[in-house]
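Just so it is clear: in the sequence shown, position 26 is 71 by the working numbering, and no numbers are missing.
Backbone N, C-alpha and C fix where the C-beta goes; we use that ideal spot for every residue, glycine too.
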Amino acid sequence: MVQFVEFTADWGAQKLYLQREAHEAFLRMKQAAGDDSVYLFIVSAFRSFDRQREIWEDKWTGRKLAGDKSLKNFRGSAHDRACIIMEYTAPPGYSRHHWGTDIDINSVEPEYFDAPEGKRVYDWLNRRAGEFGFCQTYTAFSAQRPGGFNEEKWHWSYEPLSYPIWSAQLKQFEHRLKYRFKGY
C-alpha cells in the first residue's frame, strides 16, 4: 500500500506530499548534504492531475512562460505549442510528480544551477544522490539521450519506487486515452 507523508516546505507554509519512503530517503540525503555544508530543500513534490493541468494551461494560454517563451500570441499549430511546453513540462496525466517519488530541489530555474551556490548543490547531488536512491531524471542531451525534455538539474527521482511505476506505465501506455486539458 502506498503511504504518503505530508510535510511543510522549508521555504514557507505550503504543504507538500511524497511517498513516505522517498521522503525518508530525502531527509537522510539532506542531512548528509548539510554535513558537507550544502543546503537542500524541496520546492515541488507530488502534484495532482488538477495542479499539473493548471501549470500546463497557464503556459498554454500565455499566463506563464513556457521556458523563456510566452505563448499568449502564438500563431503556430497546437502540436507546435505543445512541443514548446513539453520542453520542461509534462502534460497532465504524464508527470512523474503524480507518483510521489519525484522532487524538484532548491529551484526550478536553470540560472540558479549556473550560479556558484547552485553549481555546488548540483555537483554534490551528482556525487552523492545515488547513495540515497535518487537519480537525475532529465539529463543533458547526448548520443544516449538525443531528445525529450530539456535538462532539469533540479528534478530528482527516488528510483527504488519510481522505476517500477515507470516500467508499469510503459507497458500500459495507450496513446488513445483522452484527458481533458487544453491542447489535447
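To which residues does DSSP link residue i through a beta bridge?
i       : result
Glu-231 : Residue 231 lies beyond the range of the chain shown here (46 to 229); nothing can be said about it.
Ile-148 : Trp-201
Ser-89  : Asp-149
Ala-111 : Lys-114
Cys-180 : Ser-202
Once the 5 residues before and after residue i are set aside, which same chain residues still bring their CB inside 6 Å of it?
i       : result
Ala-111 : Lys-104, Ile-129 and Ile-130
Ile-210 : Trp-144
Phe-177 : Ala-70, Arg-73 and Met-74
Residues in the same chain with beta-carbon distance under 7 Å from residue i, minus the five sequence neighbours each way, listed in chain order, please.
i       : result
Trp-169 : Ala-78, Asp-81 and Val-83
Ser-231 : The shown model of the chain, from 46 to 229, leaves out residue 231, and the question about it has no answer.
Gln-64  : Val-47, Gln-48, Phe-49, Gly-145, Thr-146 and Leu-206
Ala-126 : Here residue 126 is Arg; the residue named in the question, Ala, does not match the sequence. Trp-105, Leu-116, Phe-119 and Gly-228.
Starting from the Cα of residue i, find the closest Cα among the options and give me that residue.
i       : options                              : result
Tyr-133 : Ile-87, Ala-174, Phe-194 and Pro-161 : Phe-194
Leu-85  : Gln-97, Ile-148 and Gln-59           : Ile-148
Gln-181 : Pro-155, Pro-161 and Tyr-167         : Tyr-167
Lys-60  : Glu-51, Glu-102, Ala-127 and Glu-197 : Glu-51
Arg-165 : Phe-179, Ile-150 and Glu-176         : Ile-150
Ala-67  : Ser-212, Gly-175 and Gln-189         : Gly-175
Pro-136 : Pro-161, Ala-160 and Arg-96          : Arg-96
Can you list, in chain order, the residues of its chain whose CB lies under 8 Å from that of residue i, leaving out five sequence neighbours each side?
i       : result
Ser-152 : Val-88, Phe-158, Gly-163 and Trp-199
Asp-55  : Phe-86 and Ile-87
How far does the alpha helix (DSSP H) with residue i in it reach, from first residue to last?
i       : result
Gln-97  : 94 to 106
Gly-163 : 161 to 173
His-124 : 123 to 130
Within this structure, are the beta carbons of residue i and residue j separated by less than 8 Å?
i       : j       : result
Glu-102 : Phe-186 : no
Phe-91  : His-142 : yes
Glu-197 : Tyr-208 : no
Could you tell me whether any non-hydrogen atom of the ligand COA is closer than 7 Å to the CB of residue i?
i       : result
Trp-201 : For the ligand COA, the structure offers nothing, since it holds no ligand at all.
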